[in-house]
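Chains as they are written, first to last, in the working numbering: chain A, 2 to 154; chain B, 312 to 1067.
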Amino acid sequence: MKINVNGIDREVDVEPNMPLLWVLRDELNLTGTKYGCGVAACGACTVHLDGQAVRSCVLPIAALQGKAITTIESIAKDDRLSRVQQAWIDHQVPQCGYCQSGMIMAVESLFANNSQPSEEEIDASISNICRCGTYQRIKEAIKEVLTQNQENG
Amino acid sequence: MAKERTRGQKISRRAFIISGAVIGGGFALGLGGVAFSNYKKKQFSGMGFEGAKSLNAFIHITPDNKIKLAIARAEMGQGVHTALAMLTAEELEVDLDQIEVIHPQVESPYANVNLATHYERTSSSTGFHFMEKVAYILPYIATGGSTTIRDGYEHYRIMGASAKEMLMKVAMKKWFVDIDKLKAEKGFIINTETGEKVTYGSLAPFAAEEKPNNRPTLKAKSNFKIIGKPTQRIDLKGKVTGAAEYGIDVRLPNMLFAAVQHCPITGGEITSIMNEAEVMAMRGVKHIVQWPAGAAVIADNTWRAQQAAKALTFEIDSKGQEQLSSAHISKLLKARLDKEIGHIKEDIDDTATAFETSDRVFEAEYEVPFLAHATMEPINCTVLVEEDKAKVWVGHQAPFLVTMATAKEADINSSKVEIDIKYLGGGFGRRAENDFVTEAVRIAKSMKGTPIQMVWSREEDTQFDTYRPAAMARFKAGINNDGTIPAWENHVTLQSVLRSSIGRNFPLMTPPESQDTTAAEGALGLAYNLGARKVGYSFIESPMRLGFWRSVGHSYNGFFTESFIDELANEADTDPYAFRAKLLSSNSRQKKVLDKVAQISNWNSPLPEGKSRGIAFHESFGSIVAQVAEISINPDKEFSVDKVFCVIDCGNYVNPDTIIAQMQSGIVFGLTAAVYGEITIEEGKIQQSNFPNYEMWKLKHMPEVFTHIMENNEAPGGVGEPGTPPIAPALTNAIFAATGERVRSLPLKNHGFKLV
């Protein structure tokens, strides 16, 4: 089966119902995308499918033909962090950090669709779980990106 | 009267022992030649520090002037890699970005003496000396009990200062100048007379031959440039780019993946697999391993292994546990509560007499359920077993247990076990257990020569956890009309965490029931002036596997005690803050913390209709924390936690930014448990399995947390756990203030309260 990950076509020999998460982690060694629950409840496995945030642990590979898959590994361009990633560092968001790949992918997608989401929209769309409880700093980092978006358009 | 050494003095002595023994100072601990008597024998292998010169067991300098710092503490989000590196950087005069953290092997210099002696009240006790020796002999490499900074605060500075002196001595000889003409700065020794400078890296080969000073002069606090200043963590970049490597991310040539299915009945055993041939025929499956508690399928991909493990059908021996239920355990707890206290740990004056002379007597009972850890990274461990050696890649809080368990299960000498400790995707006490390491080794030894990564599914992680115990408490207090408490009794019942956990991990060290120091922690030695006291605990037995859960005994005793204090305030018709303040000694650290939280929360200011506040105060792990929860609640019991005001006195501190993060983290952890947390068991089976039915706090629920750190010059306290205990009672006390409903058992969802 052929999939496009981070702009590169990859051929993988797997069952059509294998979830994307495990193709990424075990077949392509892209381990930045994390396994948390396997039932789309925690968001640790969030990647982008044609720019939209999706939970890869329940996404069968067969459904992904011809679609562009983006993982956390390709968010920084030539070692230059994205606005969201930089805000995450400036606000010292990560603790254990395990959920943050998925968290960042969810937030990147939120901003890609809407550069000025309201607080309600943020609360509604970022339903990822962080067991370390970094939510306050996530909110602060998101606020900073919002401000930057306002300034830079 | 013999003068007891303070904890601070104890740490100095320990640093002396370690540096003396390791570097070759000739200090003998007198353990019959076991550990430190031979000064020529290095106590560390230097594995992981190849190419660098070792100035002591901790500081290794490369020719290109990088500092490789040995840190044998688990980085599980609490920021210890950064904090310990800050301590060394301060004294060694380097920038944080010049330091690379490397987890060393399980070797004596890196023992966590503070954790090993955690429950010894004084550093002059026999128990203290015994545990101190045990710590070095094992060696006791572990992260827990919020001890990292308490253990390392002086130690990591001494290592940095001693190494700097050695570098300076070489520079003195090189330039024929006095030491006061030299300056150390950002990895250079500078000749202040000539302006010449030379890198640490070029001096290190000679410095390594210098005799180390075990008692270097440390900087005065007023001269700190790094310690105590908000500092950016050193592990952030990898954690925002996906590059940070957790145990589950280890990838090795030819590695295979294993999934586990445990016996569904707690305490039961698998006697046979009914469909082995069928499962072996599934795609990618290589091998099946079975043992009493579970079975594993090894396959070429985690998902294939998980599918195959799920397909296994077992014949089981339930060992009579098919009737085990939460209701049954609850009944056992209550029955035990109705009897005399099994182990009285605090017995001050005669409570019976004091009750008789009290104006009134008030009693209440409380209960909390079992809780799971639910680390975001499901339990996993990667192992390669070869003929006479093994290597383990794992995120773990107790590497010494990893080594012991691997050696035992693989039947090899522990010196033949190599470990590679990765980042932990959460620990909270779960990763201080060896059960999953033993399983991974058992699986890997069935295919020697092939590295195998065992990953538990979230369901296995939830249902085969080592739980925070369910517990009950009964309080009885005398109340006088002047608001004083002349008598206080508290009986806590539960199953023993120490006997369960140590019994599994390290049976030889299993304490007797009377010595479970976690059971009543947080119920003993309260700062409140309470008159006559009788406090203790009693145990029940059950097949539930128990473990250390962030803040351990404080997690339930904090809720029990601070709920009851709040009830007494109400009985005395006194404001909850004023009531507590009156019971605390004036000018005490405790009173200052309580007063501060009242101040920053504007405790005495009125709140609009539908909002209320609750206060709680708790000391744990060497720190004092007070919190005020401000909530909104409607008549339908729908509520939100809007703000939390948090004050911590953790003495001398290292990275205030981390402390603020840990307060937020501990508060979310405690709130999650208070509102949702509950593991129940029916017909021997754990009823919760994954996040949909073991619910978690989310972004939309997050209160704004305001943290204030007290400034003083006291010994450092812990910060990873102390933020958790007070928040549940602060919340339920706020609910009482708003509704008049006193919540005496958790979680809140069982009382019709709904978080919105």
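Using N, Cα and C, we set each Cβ at its ideal position, and we do this for glycine too. The structure displayed is predicted, hence computed values, not measured ones.
Check, Outcome
"Three-state class that DSSP yields for H92(A) in the structure shown", "coil"
"Per-residue DSSP class, three states only, for Q66(A)", "coil"
"Per-residue contacts from D968(B) into chain C (C-beta, under 9 Å)", "Reference to chain C is not applicable here, since the protein chains of this structure are A and B."
"Beta-carbon contacts of K497(B) that lie in its chain and below 8 Å, excluding the five residues immediately before and after", "E404, V405, D406 and Q409"
"Segment contact flag, the region 836-854 of chain B with the region 680-689 of chain B, C-beta cutoff 8 Å, min 3 pairs", "no"
"F711(B) burial status per 10 Å Cβ neighbour count (16 or more: buried)", "buried"
"4-residue-minimum alpha helix (DSSP H) runs that sit fully inside the region 847-908 of chain B, ordered along the chain", "864-882 and 887-894"
"Neighbourhood of L695(B) by C-beta, 6 Å cutoff - its chain only, sequence neighbours within 5 removed", "K702 and P762"
"Under 9 Å from the C-beta of I978(B): neighbouring residues of chain A", "G134"
"Residue environment, H440(B), which counts as buried when at least 16 other CB atoms sit within 10 Å", "exposed"
"Three-way DSSP call (helix, strand, coil) for H1019(B) in this model", "strand"
"Proximity test, Cβ basis, 7 Å: T1018(B) and chain A", "no"
"Completely contained beta strand (DSSP E) runs for the region 769-830 of chain B, where each covers 3 or more residues", "782-790 and 798-806"
"Below-7 Å beta-carbon distance, Q151(A) vs any chain B residue", "no"
"Under 7 Å by beta carbon: chain A residues contacting M1013(B)", "Y136, Q137 and K140"
"For F625(B): DSSP bridge partner residues", "I584(B)"
"Partners in chain B for L82(A), counting only beta-carbon separations shorter than 9 Å", "K548, V551 and T552"
"Cutoff 7 Å: S75(A) Cβ touching any chain B Cβ", "no"
"Boundaries of the beta strand (DSSP E) in which K597(B) is found, first to last residue", "V596 to W602"
"Bridge partner(s) assigned by DSSP for R380(B)", "Checking the sequence shown, residue 380(B) turns out to be Leu, not Arg. L380(B) pairs with I370(B) and V412(B)."
"Own chain residues within Cβ distance below 8 Å of V955(B), not counting five before or after", "Q938, V939, A940, E941, I978, P1014, E1015, V1016, F1017, I1038 and A1041"
"Residues from the region 58-70 of chain A in contact with chain B, defined by Cβ distance under 7 Å", "none"
"Runs of beta strand (DSSP E) lying entirely within the region 997-1047 of chain B, each at least 3 residues, in chain order", "1015-1020"
"The region 668-683 of chain B contacting the region 769-786 of chain B, beta-carbon criterion three pairs below 8 Å", "yes"
"Burial state of H639(B) (16 or more Cβ within 10 Å)", "exposed"
"Within 7 Å, strictly: CB atoms of S923(B) and V1067(B)", "no"
"Close beta carbons around A113(A), own chain, < 7 Å, minus the five adjacent residues each side", "G52"
"Selected residue, minimal CA-CA separation from G789(B), among A831(B), S899(B) and D670(B)", "D670(B)"
"Burial state of P61(A), where buried means 16 or more other Cβ atoms lie within 10 Å", "exposed"
"Alpha-carbon to alpha-carbon, P17(A) and A64(A)", "8 Å"
"P20(A) - partner residues in DSSP beta bridges", "P61(A)"
"Identity of the residues DSSP links to L635(B) by a beta bridge", "L635(B) is not bridged to any residue."
"For C97(A) and G388(B), believed in contact at Cβ under 8 Å, the rounded distance", "3 Å"
"F666(B) in three-state terms, based on DSSP", "helix"
"Distance between T749(B) and D699(B) (C-alpha atoms, nearest Å)", "17 Å"
"N- and C-terminal bounds of the alpha helix (DSSP H) containing Y511(B)", "Y511 to A518"
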